[in-house]
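A.B. asks: Quick one: the structure is below, questions incoming.
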Amino acid sequence: MTVPTPGTDAVDVVVAQARAARPRLGGVRLVCVDGPAGSGKSTLARRVGAALGATVLHVDDLLDGWSDLEGVWERLDAQVLGPLAAGRPGRYRRYDWTAGAFAEWHDVPVPEVLVLDGCGSARTAADAVAAVKVWVEAPRDLRLSRGLERDGAAAREHWLAWMVAESEHFARERTRERADVHVDAVGRLVER
42 MTVPTPGTDA
52 VDVVVAQARA
62 ARPRLGGVRL
72 VCVDGPAGSG
82 KSTLARRVGA
92 ALGATVLHVD
102 DLLDGWSDLE
112 GVWERLDAQV
122 LGPLAAGRPG
132 RYRRYDWTAG
142 AFAEWHDVPV
152 PEVLVLDGCG
162 SARTAADAVA
172 AVKVWVEAPR
182 DLRLSRGLER
192 DGAAAREHWL
202 AWMVAESEHF
212 ARERTRERAD
222 VHVDAVGRLV
232 ER
């Protein structure tokens with residue numbers, strides 16, 4: 042087997058690992074795309090999902106606002122991962138960031154592959170069920186710039202507080218160290 046070199050597109054590597062992995066979430070192969078906000082997780086997750094014909098679920102849709110990084114996993118597990126592990130569809134309420142409240146329900150049929158995109162998706166609690174854990178990283182200034190471009194300058198204080206919380210989370214969870222694949226801000230492999 043050829044070992045991919047840093048600088049190559051990560052999508053093929055993640056897709057190959059996902060296809061080779063055995064399901065660990067019931068009959069579902071779970072791919073967790075984690076890393077700091079604004080690093081490029083959603084772009085990578087979308088590309089991996091398209092290549093695999095997979096369902097992509099954004100953790101941001103389950104957060105209960107800016108201060109829920111630690112609480113989201115319990116909700117995600119109860120509403121989506123637990124049912125999928127039991128072979129049943131999941132269902133979650135999407136958080137409406139504009140309204141600041143949970144909104145409509147979304148069904149998650151049992152897929153072959155579920156790509157979980159978001160901060161905290163590859164926490165240690167995912168180790169037992171994740172087929173592949175991906176870490177996406179980018180320089181702090183780039184991440185903040187991307188976030189403010191998407192969310193507007195009024196969200197700056199939220200972003201700064203979030204960046205502190207996610208940094209503490211990643212240090213405690215050792216997310217980068219535990220990841221199977223490491224990716225940069227534009228989707229290329231980086232050295233572990």
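Residue numbers (this note's numbering): 42 to 233.
Ideal placement from N, C-alpha and C gives every residue a C-beta, glycine not left out.
1. Measuring alpha carbon to alpha carbon, tell me which of R217, V121, R87 and G90 ends up nearest A179.
2. On the premise that W176 lies in contact with D75, defined as a C-beta separation below 8 Å, what is that separation, rounded to the nearest angstrom?
3. Taking one C-beta from the region 87-97 and one from the region 191-211 each time, how about it: are there three or more such pairs within less than 8 Å?
4. Since R135 is in the alpha helix (DSSP H), which residue starts that stretch and which ends it?
5. Is R229 near T49, with beta carbons less than 8 Å apart?
6. Are three or more beta carbon pairs between the region 121-136 and the region 59-67 nearer than 8 Å?
7. What is the rounded straight-line gap between the Cα of L183 and the Cα of A51?
8. Note down the Cα distance separating A206 from L110, rounded to an integer number of angstroms.
9. Leaving aside the five residues before and after Y136 along the sequence, list all residues of the same chain whose C-beta is less than 8 Å from its C-beta, in chain order.
10. Just verifying my parser: in three-state terms, what is the DSSP assignment at V113?
11. When we look at the beta-carbon of G193 and count the other beta-carbons within 10 Å, is it buried (16 or more) or exposed?
12. Can you tell me which of the three DSSP states T165 falls into?
C.D. replies: With the structure as the only source:
1. The shortest Cα separation from A179 among R217, V121, R87 and G90 belongs to R217.
2. Their Cβ separation, rounded to whole angstroms, is 6 Å, which keeps D75 and W176 in contact under 8 Å.
3. For the pair of segments examined, the region 87-97 was found not to touch the region 191-211: the number of CB pairs separated by less than 8 Å stays below three.
4. From DSSP, R135 is part of no alpha helix (DSSP H) but of the beta strand (DSSP E) over G131 to D137.
5. Result yes, Cβ atoms of R229 and T49 sit closer than 8 Å.
6. Because the criterion of three Cβ pairs below 8 Å is met, the region 121-136 and the region 59-67 touch.
7. One alpha carbon belongs to L183, the other to A51, and they sit about 20 Å apart.
8. The straight-line gap from Cα to Cα measures roughly 8 Å.
9. Cβ neighbours of Y136 beyond the five flanking positions: D101, D102, L103, L104, D105, G106, A142, F143 and A144.
10. DSSP places V113 within a helical segment (H, G or I) once states are collapsed to three.
11. So G193 ends up on the exposed side.
12. Helix at T165.
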